[in-house]
Amino acid sequence: MVVRSWRHIKERYNLIGVRCKNCGTVYFPSREICPKCRRKTDFEDIKLSGRGKVYTYSVVHVAPKDFEKQAPYVIAIIELEEGVKITGQVVDCKPDEVYIGMPVEVVFRRIKEDGDDGVITYGYKFRPVEN
Amino acid sequence: MVGIVGYGAYIPKYRIKVEEIARVWNKDPNAIKKGLLVYEKAVPSLDEDTATIAVEASRNALKRSEINPKDIGAVYVGSESHPYAVKPTSTIVAEAIDATPELTAADLEFACKAGTAGIQMCMGLVESGLIKYGLAIGADTAQGAPGDALEYTAAAGGAAYIIGKSNVIAEFNGTYSYTTDTPDFWRREGKPYPRHGGRFTGEPAYFKHVINAAEGLMEKMGTKPEDYDYCVFHQPNGKFYIRVAKTLGFKEEQYKYGLLTPQIGNTYSGAVPLGLSNILDHCEGGERVLAVSYGSGAGSDAFDITITERINKVKDKAPKTAYYLERKEYIDYAIYAKFRRKIKM
Ligand SMILES: [Zn+2]
Numbered sequence: 001m002v003v004r005s006w007r008h009i010k011e012r013y014n015l016i017g018v019r020c021k022n023c024g025t026v027y028f029p030s031r032e033i034c035p036k037c038r039r040k041t042d043f044e045d046i047k048l049s050g051r052g053k054v055y056t057y058s059v060v061h062v063a064p065k066d067f068e069k070q071a072p073y074v075i076a077i078i079e080l081e082e083g084v085k086i087t088g089q090v091v092d093c094k095p096d097e098v099y100i101g102m103p104v105e106v107v108f109r110r111i112k113e114d115g116d117d118g119v120i121t122y123g124y125k126f127r128p129v130e131n
Numbered sequence: 132m133v134g135i136v137g138y139g140a141y142i143p144k145y146r147i148k149v150e151e152i153a154r155v156w157n158k159d160p161n162a163i164k165k166g167l168l169v170y171e172k173a174v175p176s177l178d179e180d181t182a183t184i185a186v187e188a189s190r191n192a193l194k195r196s197e198i199n200p201k202d203i204g205a206v207y208v209g210s211e212s213h214p215y216a217v218k219p220t221s222t223i224v225a226e227a228i229d230a231t232p233e234l235t236a237a238d239l240e241f242a243c244k245a246g247t248a249g250i251q252m253c254m255g256l257v258e259s260g261l262i263k264y265g266l267a268i269g270a271d272t273a274q275g276a277p278g279d280a281l282e283y284t285a286a287a288g289g290a291a292y293i294i295g296k297s298n299v300i301a302e303f304n305g306t307y308s309y310t311t312d313t314p315d316f317w318r319r320e321g322k323p324y325p326r327h328g329g330r331f332t333g334e335p336a337y338f339k340h341v342i343n344a345a346e347g348l349m350e351k352m353g354t355k356p357e358d359y360d361y362c363v364f365h366q367p368n369g370k371f372y373i374r375v376a377k378t379l380g381f382k383e384e385q386y387k388y389g390l391l392t393p394q395i396g397n398t399y400s401g402a403v404p405l406g407l408s409n410i411l412d413h414c415e416g417g418e419r420v421l422a423v424s425y426g427s428g429a430g431s432d433a434f435d436i437t438i439t440e441r442i443n444k445v446k447d448k449a450p451k452t453a454y455y456l457e458r459k460e461y462i463d464y465a466i467y468a469k470f471r472r473k474i475k476m
């Protein structure tokens with residue numbers, strides 16, 4: 001559990017994905033092969049802007065065990081400026097304030113903790129862009 | 132000359148009013164507000180801690196500095212509420228701003244002045260040429276025991292400073308510290324809440340150290356209060372801050388931008404860094420600032436700073452302190468107790 005989350009720290013903290021130089025498609029999380037280009041796949045790392053819009057969302061009232069205390073909360077699919085869609089929690093936002101198309105930006109938050117004596121997992125969430 | 136290359140603030144969105152805390156403990160809110168000059172305080176949500184606050188502030192500082200994070204050679208996080216007892220906050224911050232792996236990092240503790248101690252350490256490393264840039268952060272999610280006087284003020288927030296020699300938005304003219312062994316406030320290992328010496332926290336602790344550090348620096352620099360456009364002091368509450376400012380001979384127009392505690396509470400290690408960031412948001416090139424922190428235990432770090440013309444090029448590159456001051460949602464004591472994990476399950 002510790003090792004599994006440690007391996008993803010770099011990409012989860014900084015939203016590092018990959019871009020296929022052959023066709024321009026961006027992927028997050030990163031993968032080995034571009035399904036469009038197959039053997040012609042030519043990946044480079046790309047740091048995503050973290051800015052995007054709510055593509056769709058769901059309000060979670062009955063949460064999995066690690067997230068019970070946060071319920072109700074908003075889980076959304078965010079379409080980032082780079083065109084890639086990623087799933088994340090929307091924070092600093094009441095469930096009745098979220099809407100499709102809402103501009104959001106990335107924030108750094110606690111994702112979960114392994115009890116009160118275990119490792120704390122950090123990563124990305126999103127918040128409304130207010131202005 | 133060594134100076135500030137970038138700065139950034141962060142304050143959590145949630146607030147609880149003094150009235151709401153006083154209601155739970157059956158105290159007179161007006162007496163507390165008048166006695167402390169604190170009206171409400173910032174509360175972190177369940178998924179925020181010193182590390183997340185430090186990361187948000189550091190990312191704002193990076194936006195203003197426009198440097199490559201890989202050029203940061205040192206990261207110091209000053210706090211008395213590090214998320215782990217053993218396991219550094221500074222590595223989390225360094226990774227989250229993509230400054231790793233070629234750098235040194237450490238967590239600092241000195242009650243409320245650990246953030247300014249980090250600034251001094253970065254100044255030394257930059258001046259000596261050991262590193263190009265250093266990142267110093269003061270951030271806290273301070274807790275007061277339920278019903279204790281500290282509960283009205285113990286708050287959350289932080290600010291980050293990138294220290295370097297090129298493209299500075301402010302220059303350090305000098306720094307001076309004043310330190311003694313004074314047990315005015317403490318928390319023992321394994322205990323959730325701090326204890327304090329009551330009235331003892333005033334004269335022999337806060338006032339003695341802040342005044343000696345401020346006067347010591349002004350003597351070293353050959354300056355007087357009227358030579359500074361702005362000043363900021365540590366602010367456990369609004370009353371101590373205004374009294375120390377007036378005792379030293381500063382006027383309201385000099386100390387007003389540095390004073391945030393009435394609106395957000397005491398952000399501990401974040402207090403002087405946040406007050407200074409609000410001053411930087413408001414000042415112009417050529418203006419001069421005096422900043423004096425205080426950490427119980429006890430010590431004060433004083434800084435004499437001159438703003439450069441570059442300040443207006445960077446102010447709008449990240450959210451200003453006022454943005455975070457105005458962005459707020461009030462919560463009641465029950466939600467506050469849940470957010471601050473005061474309910475054991
Ligand atoms: Zn491709």
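Going down the list, the sequences are from chains A and B. Position 28 of the first sequence, counting from 1, maps to 28 under this note's numbering, and the rest follow consecutively. Position 283 of the second sequence, counting from 1, maps to 414 under this note's numbering, and the rest follow consecutively. All C-beta atoms in this analysis are idealised placements derived from N, C-alpha and C, irrespective of residue type, glycine included. These figures come from a predicted structure and were not determined experimentally.
DSSP places B:N199 outside any beta strand (DSSP E), giving it a letter other than H or E. Under the three-pair Cβ rule at 8 Å, the stretch 138-146 of chain B does not count as touching the stretch 98-114 of chain A. Contact of B:I223 with chain A is assigned, a C-beta pair being separated by under 8 Å.
The distance from the Cβ of B:A290 to that of B:P367 is about 17 Å, inconsistent with a contact at the 8 Å cut-off.
Under the three-pair Cβ rule at 8 Å, the stretch 339-352 of chain B counts as touching the stretch 420-431 of chain B. Under the three-state reduction of DSSP, B:Q251 is assigned to helix.
Taking all protein chains shown into account, B:N409 has 16 or more neighbouring C-beta atoms within 10 Å of its C-beta and is therefore buried.
Taking each of B:Y372, B:S400, B:L379 and B:G380 in turn and checking the Cα distance to B:Y388, the smallest one comes out for B:Y372. Any Cβ of chain A closer than 8 Å to the Cβ of B:S176 would place that residue at the interface, and such an atom is present.
When the five nearest sequence neighbours on each side are left out, the beta carbons in the same chain lying within less than 6 Å of the beta carbon of B:G406 are those of V363, G389 and L391, in order along the chain. By the C-beta criterion, the stretch 301-309 of chain B is judged to be in contact with the stretch 244-263 of chain B, since at least 3 inter-stretch pairs fall below 8 Å.
Flagged as an interface residue toward chain B: A:K69, by a C-beta distance shorter than 8 Å. Under the Cβ criterion of 8 Å, B:K201 is not counted among the residues facing chain A. Using a Cβ-Cβ cut-off of 8 Å, B:P214 counts as an interface residue toward chain A, since at least one Cβ of chain A sits closer than that to its own. DSSP links A:R110 through a beta bridge to A:Y122.
For the stretch 8-33 of chain A, the beta-carbon criterion of a distance under 8 Å to any beta-carbon of chain B is satisfied by I9, K10, Y13 and N14. Shortest gap from the CB of B:C243 to any heavy atom of ligand 1: 7 Å or more. Bridge pairing for A:V60: A:Y73 [DSSP]. The continuous stretches of alpha helix (DSSP H) do not include A:G83, and DSSP gives it neither H nor E.
Interface criterion met: the Cβ of B:K469 is under 8 Å from a Cβ in chain A. Ranked by how close their Cα comes to the Cα of B:A465, the residues B:G134, B:N161 and B:S176 have B:S176 in first place.
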